[in-house]
Every structure is written in C-alpha cells, then in structure tokens.
Amino acid sequence: MKKTIMVIGGGLLQVPAIQAAKKMGFQVIVTDYNEHAMGMKYADIPIVMSTRDVQGSVRVAKSQNEITPISGVLTVGTDASTTVAAVANTLNLPGIKFDNAEAATNKIKMRMRFKTHNVPCPNFLPVWSLADAKRACQILGFPLVIKPTDNMGARGVSRIDSKGQIADAFKLAKAASPSGELIIEEYMEGEELSIDAVVFNDEITFTGIADRIIEYPPYFVETGHTMPSQLSREKQEEACEVMRKGIRALGISIGCAKGDIKITKHGAMIGELAARLSGGFMSAYTYPLSSGVDLMKAAIEVAVGQEPGNLEPLHDRVAIERALITKPGIVRRITGIEDANKIPGIAEIFINVKPGDTVIVPRSNVEKAGHIIAVADTLELAEEAVRRAKEVIAIEVFEEAELSMEAIRVSARERFKKTCYACKTCDGKDCASGVPGMGGIGTGASFRRNTESLQNFKINTRLIHDVTEPDTSAVFFGNRLSMPIMAAPITGMGTNMGSAMDELDYNIAVVNGCLNAGTVAFVGDGATPDKYKIGLQALSDARGMGVPVFKPRSDNNEVLARIRAAERSGALAVGMDIDAVVFKTMKMKNQSVGPKSLSDLRGLISSTSLPFVLKGIMTVRDASLAVEAGAHAIIVSNHGGRVLDQMAGSMDVLEEIVREVKGNIRIMIDGGFRNGVDILKALALGAEFILIGRPVAIAAVGMGARGVSYYLNTIKQELEQAMILTGCTGIADITPDIVRCLNVKSSLPV
688 MKKTIMVIGG GLLQVPAIQA AKKMGFQVIV TDYNEHAMGM KYADIPIVMS
738 TRDVQGSVRV AKSQNEITPI SGVLTVGTDA STTVAAVANT LNLPGIKFDN
788 AEAATNKIKM RMRFKTHNVP CPNFLPVWSL ADAKRACQIL GFPLVIKPTD
838 NMGARGVSRI DSKGQIADAF KLAKAASPSG ELIIEEYMEG EELSIDAVVF
888 NDEITFTGIA DRIIEYPPYF VETGHTMPSQ LSREKQEEAC EVMRKGIRAL
938 GISIGCAKGD IKITKHGAMI GELAARLSGG FMSAYTYPLS SGVDLMKAAI
988 EVAVGQEPGN LEPLHDRVAI ERALITKPGI VRRITGIEDA NKIPGIAEIF
1038 INVKPGDTVI VPRSNVEKAG HIIAVADTLE LAEEAVRRAK EVIAIEVFEE
1088 AELSMEAIRV SARERFKKTC YACKTCDGKD CASGVPGMGG IGTGASFRRN
1138 TESLQNFKIN TRLIHDVTEP DTSAVFFGNR LSMPIMAAPI TGMGTNMGSA
1188 MDELDYNIAV VNGCLNAGTV AFVGDGATPD KYKIGLQALS DARGMGVPVF
1238 KPRSDNNEVL ARIRAAERSG ALAVGMDIDA VVFKTMKMKN QSVGPKSLSD
1288 LRGLISSTSL PFVLKGIMTV RDASLAVEAG AHAIIVSNHG GRVLDQMAGS
1338 MDVLEEIVRE VKGNIRIMID GGFRNGVDIL KALALGAEFI LIGRPVAIAA
1388 VGMGARGVSY YLNTIKQELE QAMILTGCTG IADITPDIVR CLNVKSSLPV
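So this is what it looks like as structure tokens:
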C-alpha cells in the first residue's frame, strides 16, 4: 500500500514538490483554497481548504488520516508553516512545535526570538495604528521598512524615508496584512542572499545560496536571483553562521529553513527566516539545475522522518531566474514563448499574465508578468540566454492603456476602496459617498446641477477658416500658462477620500502634475487646523507655483496667519472660499467659521501684496461686493455642490455675473467641467479660467502627478480640437456666438 503525504498549498511553487512525491511513490493529498490551482490537478486527493485555515486543515487531515494514514506533511514556497506544524503535531508526525512555527511566520515573534538569542537583526517596533507608525518612525529614525507581520512575497512592504511617506506606506502594509499587525524596522543596506537549509535530527545542512536582485524602490521587488552566489566565500560563511543561529533560535529542529540574509557594514543580519524551503523558483528550479541535487526529494524524506539522501552537489553550474517586467497596460497578446524555449540555456519560462489582464508596475513579487530560468556553465552565458529570450518574448499591451483615463480610473477605484467609484462621467448621479466623502451635500442636487447646467449650452461650429494650431495659453497674474485650466482645491484625504493617499503626497501629485502640464493648482485649507501647511509645503517645494485657498475662519487673525504663511511659500496669489461658512466637515472638527463682512474682506485683502481670489461667488450681488472689497479675482462656484442642497449650477449664473463685473475683476469658474468642450463653453460665456476638482483628484489618486498631467493635457487637446471646429486662433477668439443656449430665458444669441 502506498504511503500518503500531505502538501499544504497547490500553487505553481508547490507543483514540483507534488510531482516529486508522486515520483517517489507517495499518494499525495493537496489542500488549497482554489480548486483550480495548478497543483490540484496533480493531486491524488485534492481538498479545497485555505492554507491559512489551521483548524480546518487539521480537521480534514484527521478525517483523511482515518481513511489512509498520513506519513508526513510539508509545504514549499508559501507561508503555511503554522498549518504544517498543527497537522504534524496533531497526527504525531515529524515536524516542529506549533509555537516555533508561529515564530517562524510572524515577523514580530521572529524578531523577539532573535533578540532573546542574540541573533543579528534590525531594531524594530510593532505597529497597529497610523499613530503607532508615526511614533515608531520617530523612535527608530529613517530610513525604515514597514511590513505586514503575516504575509510574504514582499506584499505591502515598502521603505520609508520621510514623514510624508508614512501614511501611504502604512496603508499599503495594512491592506496586505490578514491580521492588521505590522512591523517597522531599520532598513539594512547591503547585498542580500537567499539561503536554503535542510534540518534533520537537529543537524543543519546548507544547500543553495543565491544572490537576490531587489529593485523598484520604495518597494522590494525581487527581479531575479543568481545561483550560486557570486559573493566571497567569507561573506557566504558569515551569512550561513548567522542563519544557523536563527534556525536554533526559532527551534527548527527538523524540516527545512529559508533565510534572507543581508550583508551590512555591521556584518550579516537576518531579514527573514521561514520554516520551509524557498519560493521564487530557487529550491525547485535553480538549485537543482545548478547542483544536480533534488531538494524536493530531500524535503519529502525529512517530512516523513527519513534521513535525507545525498545533499552534496553533483555538478557546479550557474542557474539564474530573471523576472519579466512589461510596461503597464492591458495585455493584448503574448508571442515568442515557443521560440524562446528553444534558445540554448533556457530551462523554463513561466508567464503569469494572459490577454485582457491589467499589468501594473510591480510593488510586490506577485505582480510580475513572468519568469525566465536559464542554466549555463558561466553567469555570462546564462545572462546571455535570458537576454536573447527577452528579445524574443513579446508581451504586448494596448498603448493607450499604458496611461489612459480608464487605466487611471481603475487604479483610483482600487485605492479609494469604495469612497469614490471614479465614474467614467463624474456627474453626481451614482456617487459612492456624500459629505464627508467625494459627493454632494443632501440629495446631491447641487452637484448634479453643475453638469446639468453645462448641457444647456451647445456648440455652433465655424468651419470655413485657416486655423490649424490654436493657442490655448493664458496669462494668470503675470504667469503664462499652457491652458486656462487649473486644479481646484481639495483636502481631506482621510475625511473625504478614505485615506486613498497621504495628504502631502496628494498635494505634491496635484501641484507637480499641473506644473508638468504647464498650469498651476489651487491647494486647500482643510478642517484640521494645521492642514493648510501641507498644501503650502507642496507649493513651496514647487517654487510657489500655485494658489492656496483658506477657509473663512471666524478669527481673522487665523486667516492673517495663513496669508503670511502663503507669502513665505512664494504663492502666486491667495484666496478664500467664502461659501464654507457652514461646511459640514468644519463642524465635525469643531472649527469656527463664519461670514465675512465687506469690512472684513477689505482688511484681509489689503493686508497682503498678493492678488486675492474670492471663491464661492454665485450671485451678481456678491460679485459686485467682491469688486468693492478690492478682490482681484472671483471664482464662480457652488463648492462642488458640497455646502447647500438645491443650489443653481455655476453655468446657470455665469452669464449674468460676467455682464455685471467683466473688466473690473478677473472671472474664474468651477463646477462640473469634465472635457474640453465644457471648457470652451465657459470661456465663451466670459470665464477666463476654469478649475476642475474631482477628476483631478481621481487622476492624482490613480497615478499621481503623471495621472494629473495626463488628464489636464487630455482636456487641453480636447479644447484645441473644439477651437479648430469653431475657428478660434486663441482664447480671446472664443466669443459668445459659438455657443447656443437651449434655455429660452438666456440673452445669448441663438
């Protein structure tokens, strides 16, 4: 009767162990949450069970053991050591104690064991909350690394070099942690080795030692490894000695161990140590190719309590694994695999994507497009084989998907986590949230009216002309911009955007994205008292190229302090959104705001030499008073429909305001503008500049500064096309007769 062995995990990296066990004559039980996992089809007894479900795995193991006695249990290349230990302990099979398996899986418990046994490792602190993370960074000092305590494959792992990166790094790590428990530790500078070891009767035999290639900072993406290591024998021996101490500290007396060891200026230090063989195609592919030793066979022998066979290398070749990284986009087709496999030295090619899949710039080891494994007598020959294979393999992506509005929206949706749906048309009809959030106040009617009011106006084309290259540039307080389009001020990444980004990173993305597109951004003053400093920091770093807009705080001294800070930042102008007098998030944060009298405004405006912009003007009366107060510009705006329900849309009132104050003050507008035709309509009605809020925020969350500049340049191109179709050489040529108003009450020509 065949002996039975249980393999926890049925993924690609467990397949070699499953196949080796079958080759050795075992009946193989495979457990995996995915019934379609590659290894399940090789199993004699496939069982759908999560590798993380310890109790469930024990339950099915006990049940199966009554039918066919299980001789051993193991895993390879995945963090299921606690599950393996629980099954082994329950069935009295060879294996380590459960608490030792926990210490080899949970990074905090691992580090505590290392500290207790004087095993070299970085200083660390456990983290549960963002406040914990900030405290840990203050205590440990930069540079640091944040990780989930209970995940693998570099998921959620990133380097932190400054305070401004903490929130984003924390969120990334938190999202990748099943338990929510994180660790922050000192960053270790130096070369990195990956080492496998087999342990039997407490005797440790080191097998493969490989050089790891880590790229894509601030993330730690392994883009390949080289077997055997090219480091000096002394460094390799030092690394093995430190790993030996780590194995002892974790109580790994039988089974296998995998270590990531850094060679730092202070000596070898342990990055990670697991109670299993390595993943990343090392233990199952590059080591056997390099040495001739079947490490899967040895691991199975130890798992069933047998002394492992020969672990001495039979030959000495160089085997390497290199990742296939393609540009981001949507996979169109994949070609060249068959030809690449024919190249001398190519041992294996694994492709992780298929047509229709979305490919992103990798942030972890599970986001690579594929892997190439090569073997040769020298590293140079192996590298040459990989180079030739990469030349042959073509993973084509749709060019527009490399950076397209759809790609931006897809990325943004993932980060917003349902705070915003990043709709194709941002019109308030299907908002995921209100206020707080990205939507409108109350029924959302004021938000929706902005886009609806734009639909009252249609375009009259003028086609007989010689305009082929229209000029969209405009001068804003002495600065020539590439377009009359700017980013509107938005704050509250935590309050309104579900912490999709760190506040500073968001402001930097918007400010720099605007600058890259040849225009400028307005930055906001959030409900949190010091939040205005974040926007000003982004402006200061960008040589002041932008405009801060402050809330109408009841204490004018608070406003004056902000104006002084804006002056120090080098801002182009300063503004106030006077409609935020009853803003909901201000009340939530207990911030006192209120209306400003004509006298108040005169005092504030005269206090600075910067041009002063009043945002939130929706009537002829307020526009006239803004002129009387000495303001340099107004922004016609209903605050994106976020302060009062049932308001008119910005375009509903623009014409009458222009008619009253044009020439006495600069007129800007925001609210519902989504494309170049919308911009043309506002310019035709007399607005000089148009601000866009939510779509810019979506672009920033989706792809940072690059997304913002892409979006703005897209709008600019649409404006250029609209200007060609209406015969407008420049902005000054965009006159009222190019729009047709469907509202019979309008005085516009029809």
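In this note's numbering, the protein residues as written are 688 to 1437.
All C-beta atoms in this analysis are idealised placements derived from N, C-alpha and C, irrespective of residue type, glycine included.
Everything numeric in this text was worked out from a predicted model, so none of it was measured.
Per the coordinates, the alpha-carbon of residue 1398 lies some 31 Å from the alpha-carbon of residue 1268.
Nearest Cα to residue 1404 within the set 1375, 1323, 1158: 1158.
Two segments are said to touch when three or more pairs of C-beta atoms, one from each, lie closer than 8 Å; by this definition the segment 1018-1034 touches the segment 1070-1081.
One Cα belongs to residue 741, the other to residue 770, and the distance between them is close to 5 Å.
Contact between residue 983 and residue 703 holds: their C-beta atoms lie close to 5 Å from each other, under 8 Å. Here residue 1313 is buried: its Cβ has 16 or more other Cβ atoms, across all protein chains shown, within 10 Å.
Per DSSP, reduced to three states, the secondary structure at residue 891 is strand.
Boundaries of the alpha helix (DSSP H) harbouring residue 819: 817-827, taken from the DSSP string. Residue pairing by DSSP places residue 770 in no beta bridge whatsoever. Cβ atoms of residue 729 and residue 706 come within 8 Å of each other, at about 6 Å. Secondary structure at residue 845: strand, using DSSP grouped into helix, strand and coil.
Annotated three-state conformation of residue 1182 is helix, per DSSP.
Three or more beta-carbon pairs separated by less than 8 Å are not found between the segment 1104-1117 and the segment 1192-1202, which leaves the two stretches without contact. Taking a contact as a CB-CB distance under 8 Å, the pair residue 717 and residue 743 does not count as one, their CB atoms being some 15 Å apart.
A Cβ-Cβ separation of about 17 Å leaves residue 714 out of contact with residue 749 under the 8 Å criterion.
The continuous beta strand (DSSP E) containing residue 1299 extends over residues 1299-1304. For residue 765 and residue 969, the gap between their C-alpha atoms comes out near 13 Å.
The beta-carbon separation of residue 1369 and residue 1341, rounded to 7 Å, stays under the 8 Å limit for a contact. Of all alpha-carbon atoms in 1198, 804, 832, the one lying nearest the alpha-carbon of residue 1386 is that of 1198. By the criterion of a C-beta distance shorter than 7 Å, residue 691 is surrounded in its chain by 713, 714, 716, 755, 756, 757, 758, once the five residues flanking it on both sides are discounted. For residue 785, the enclosing alpha helix (DSSP H) has its first and last residue at 785-790. Taking a C-beta distance under 7 Å as the contact criterion, residue 914 and residue 897 qualify as a contact pair. Per the C-alpha coordinates, the member of 820, 887, 1407, 701 positioned closest to residue 965 is 701. The Cβ atoms of residue 1168 and residue 1206 lie closer than 7 Å to each other.
Judged by DSSP in its simplified three-state form, residue 857 adopts helix.
Between the alpha carbons of residue 1221 and residue 854 lies a distance of about 14 Å. Between residue 832 and residue 872 a beta carbon distance of about 6 Å is seen, short of the 8 Å cut, so the two are scored as contacting.
DSSP places residue 1047 outside both helix and strand once states are collapsed to three, so it counts as coil. Taken through DSSP and simplified to helix, strand or coil, residue 927 comes out as helix. Apart from sequence neighbours up to five positions away, the residues of its chain that approach residue 1145 with a beta-carbon distance below 6 Å are 1427, ordered along the chain. If only uninterrupted beta strand (DSSP E) runs of at least 3 residues are considered, those enclosed by the segment 1234-1284 are 1261-1264. Apart from sequence neighbours up to five positions away, the residues of its chain that approach residue 1026 with a beta-carbon distance below 8 Å are 1079, ordered along the chain.
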